[in-house]
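Protein chains in written order, with my numbering: chain V, 394 to 533; chain Y, 374 to 694. Yeah, the Cβ is synthetic: ideal placement off N, Cα and C, and Gly gets one too. Reviewing the structure listed below.
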């Protein structure tokens with residue numbers, strides 16, 4: 394299916410860079426445009442990794458919760474159903490947030506939780522500093 | 374009515390004369406307020422002014438009344454601050470709460486400490502910068518009338534800060550954030566008491582001052598000012614994530630910064646308390662990012678914020694997890 398989603402995202406970023414950006418001289422819209430372009434480029438690189446990350450993160454969170462006896466509903470059968478994956482992922486993260494006292498009271502679960510947090514930070518597919526704003530780069 | 378026309382109408386009413394607005398432009402600085410610089414001419418004289426208007430969406434939800442009161446009060450201190458002209462807290466003039474100030478002389482250079490100036494000049498600016506921070510903390514806030522305006526949280530300023538930022542998190546979060554649940558638990562278990570209560574700027578940095586040559590002509594952006602533990606500002610300026618703004622590698626590190634501040638205030642800095650406030654600083658940054666994410670998806674902010682996983686990773690290191 395050409396152009397692919399990634400190719401389209403990259404192409405739009407290219408259009409913005411080559412056609413639109415040179416015409417913009419005011420600093421505020423120029424900064425906003427630079428952020429939008431950088432995000433398009435990030436999405437083009439990383440969007441395909443998002444479903445796999447959601448699956449992995451939900452599974453790993455469920456494993457931590459199992460250490461303190463908290464059951465997690467099964468994830469979606471269709472791993473390509475991204476909306477269902479997102480909903481399941483949110484549910485597991487919510488259980489982790491709500492179960493924090495129980496997890497922290499158990500040394501093994503606490504250690505597993507911290508390791509999960511470190512691993513997910515390393516794997517996070519949309520981990521970027523696109524626009525110089527505080528979220529992207531706190532040292533604005 | 375266009376913004377320029379609204380400004381002209383507002384100022385004309387204030388000065389009692391027709392006003393012409395020129396050179397109106399939005400600056401790229403400022404994530405929590407819209408900043409509009411312009412020239413206003415009346416009675417044959419042109420004035421360089423800046424309007425600060427609440428944005429439709431922001432990375433921070435702050436109180437314009439507090440900012441206004443603090444800026445006015447600071448005029449009676451040795452801390453250089455902007456000259457406030459007119460305030461519209463109800464948002465009648467420009468559609469949203471706004472204020473107009475004189476455009477102070479100087480430029481805003483967030484990374485001046487690591488810019489092109491010679492090293493001795495940058496070190497001298499660093500000394501002056503953090504002397505100004507100490508001066509903020511040395512302000513007698515009761516004497517300048519801030520007692521009835523700001524809440525005094527002492528001696529539990531640390532826990533009050535956790536309460537505040539956890540409430541902000543609950544208000545803005547779109548998804549569960551278990552990393553922050555872990556860190557908030559650590560903060561509550563280790564909160565230091567404060568025996569000194571001062572004005573806390575809340576976002577002190579080179580990007581929030583104006584430099585006129587080598588002189589700091591104004592400290593800006595008082596919208597997050599409050600009463601609290603001065604170590605809150607120290608945690609903010611020594612946060613490793615902000616090193617590009619606050620440090621000169623090998624020359625002006627946190628040790629030099631803290632020594633400068635202690636030398637001016639006469640107050641020592643407890644390292645454990647400082648570390649606690651550095652953790653709080655990154656919780657605050659995380660919530661600011663999440664606020665931006667929410668505003669973005671609600672089409673109230675035109676900047677994109679991804680999940681703050683890098684800040685979470687640093688927080689794990691900071692709490693020794």
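Residue i versus residue j: straight-line alpha-carbon distance, rounded
i	j	result
residue 588 of chain Y	residue 546 of chain Y	41 Å
residue 691 of chain Y	residue 648 of chain Y	8 Å
residue 616 of chain Y	residue 483 of chain Y	11 Å
residue 380 of chain Y	residue 438 of chain Y	20 Å
residue 530 of chain V	residue 517 of chain V	Summary for residue 530 of chain V: the model assigns pLDDT 34, below 50, so the residue's position carries little reliability, and this model does not support an answer.
residue 536 of chain Y	residue 435 of chain V	35 Å
residue 618 of chain Y	residue 404 of chain V	35 Å
residue 461 of chain V	residue 487 of chain Y	49 Å
residue 525 of chain Y	residue 650 of chain Y	18 Å
residue 518 of chain Y	residue 570 of chain Y	15 Å
residue 423 of chain V	residue 586 of chain Y	27 Å
residue 399 of chain V	residue 474 of chain V	19 Å
residue 533 of chain V	residue 580 of chain Y	Per-residue confidence for residue 533 of chain V stands at a pLDDT of 29, beneath the threshold of 50, marking its modelled position as unreliable; no derived number is given.
residue 680 of chain Y	residue 558 of chain Y	20 Å
residue 593 of chain Y	residue 500 of chain V	46 Å
residue 382 of chain Y	residue 566 of chain Y	50 Å
residue 504 of chain Y	residue 407 of chain Y	28 Å
residue 493 of chain V	residue 506 of chain V	10 Å
residue 414 of chain Y	residue 374 of chain Y	19 Å
residue 548 of chain Y	residue 429 of chain V	23 Å
residue 523 of chain V	residue 683 of chain Y	Note that residue 523 of chain V has pLDDT 37, beneath the 50 cutoff, so the model's placement of it is unreliable and the number below is only indicative. Distance between the alpha carbons of residue 523 of chain V and residue 683 of chain Y: 13 Å.
residue 499 of chain Y	residue 506 of chain Y	11 Å
residue 508 of chain Y	residue 529 of chain Y	23 Å
residue 527 of chain V	residue 669 of chain Y	Interpretation of residue 527 of chain V is limited by its pLDDT of 37, a score under 50 that renders its predicted location unreliable; no figure is taken from the coordinates.
residue 689 of chain Y	residue 633 of chain Y	29 Å
residue 392 of chain Y	residue 453 of chain Y	28 Å
residue 376 of chain Y	residue 441 of chain Y	21 Å
residue 394 of chain V	residue 407 of chain V	20 Å
residue 410 of chain V	residue 397 of chain V	20 Å
residue 525 of chain V	residue 424 of chain Y	Low confidence applies here, because residue 525 of chain V scores a pLDDT of 37, under 50, leaving its location unreliable and the question unanswered by this model.
residue 612 of chain Y	residue 418 of chain Y	45 Å
residue 552 of chain Y	residue 390 of chain Y	57 Å
Beta-ladder partner(s) of residue i, from DSSP
i	result
residue 393 of chain Y	Y/414
residue 599 of chain Y	Y/573
residue 695 of chain Y	Nothing in the structure corresponds to residue 695 of chain Y, since chain Y is present only between 374 and 694.
residue 474 of chain Y	Y/423, Y/457
residue 621 of chain Y	Y/625
residue 589 of chain Y	Y/584
residue 538 of chain Y	Residue 538 of chain Y pairs with nothing; no bridge assigned.
residue 480 of chain Y	Y/584
residue 407 of chain Y	Y/426
residue 398 of chain Y	Y/410
Beta-carbon separation (whole angstroms), residue i vs residue j, contact threshold 8 Å
i	j	result
residue 631 of chain Y	residue 480 of chain Y	Contact doesn't hold; Cβ gap of about 27 Å is too wide.
residue 462 of chain Y	residue 426 of chain Y	Residue 462 of chain Y to residue 426 of chain Y, Cβ: 12 Å. No contact.
residue 399 of chain Y	residue 409 of chain Y	5 Å
residue 600 of chain Y	residue 514 of chain Y	7 Å
residue 541 of chain Y	residue 652 of chain Y	So it is not a contact: roughly 16 Å between Cβ atoms.
residue 482 of chain V	residue 451 of chain V	5 Å
residue 531 of chain Y	residue 602 of chain Y	6 Å
residue 378 of chain Y	residue 395 of chain Y	13 Å between Cβ atoms; not a contact.
Residue i Cβ short of 7 Å to the ligand NAD heavy atom set
i	result
residue 397 of chain Y	Absent from the structure shown: the ligand NAD. Ligands present: none.
Cβ-Cβ distance between residue i and residue j below 8 Å
i	j	result
residue 459 of chain V	residue 469 of chain V	no
residue 656 of chain Y	residue 606 of chain Y	no
residue 426 of chain V	residue 437 of chain V	no
residue 472 of chain Y	residue 457 of chain Y	yes
residue 514 of chain V	residue 686 of chain Y	yes
residue 484 of chain V	residue 550 of chain Y	no
residue 509 of chain V	residue 439 of chain V	no
residue 441 of chain V	residue 677 of chain Y	no
residue 455 of chain Y	residue 475 of chain Y	yes
residue 642 of chain Y	residue 604 of chain Y	yes
residue 488 of chain V	residue 465 of chain V	yes
residue 624 of chain Y	residue 577 of chain Y	no
residue 658 of chain Y	residue 665 of chain Y	no
residue 597 of chain Y	residue 511 of chain Y	no
residue 495 of chain Y	residue 621 of chain Y	yes
residue 595 of chain Y	residue 444 of chain Y	yes
residue 498 of chain V	residue 457 of chain V	no
When you check each C-beta in the segment 427 to 451 of chain V against every C-beta of chain Y, which residues fall closer than 9 Å?
Flagged, chain order: 428, 429, 431, 432, 435.
Pull out every residue of the segment 402 to 431 of chain V whose Cβ sits closer than 8 Å to any Cβ of chain Y, in chain order.
Listed by position along the chain: 419, 420, 421, 423, 424, 425, 428, 429.
With 8 Å as the C-beta to C-beta threshold (strictly closer), list the residues of the segment 666 to 683 of chain Y near chain V in chain order.
Answer in chain order: 666, 675, 676, 677, 678, 679, 680, 681, 682, 683.
Looking at chain V, which residues of the segment 546 to 557 of chain Y have a Cβ within less than 7 Å of any of its Cβ atoms?
548, 549, 550, 551, 552, 554, 555
Short-range partners of chain Y found in the segment 490 to 504 of chain V, where Cβ spacing is below 7 Å
If the cut-off is 7 Å between Cβ atoms, the segment 490 to 504 of chain V has 490, 493, 497 near chain Y.
Taking any Cβ of chain Y, which residues in the segment 474 to 490 of chain V have a Cβ under 7 Å from it, in chain order?
483, 486, 487, 489, 490
What residues from the segment 510 to 523 of chain Y come within 7 Å of chain V, judged by C-beta to C-beta, listed N to C?
none
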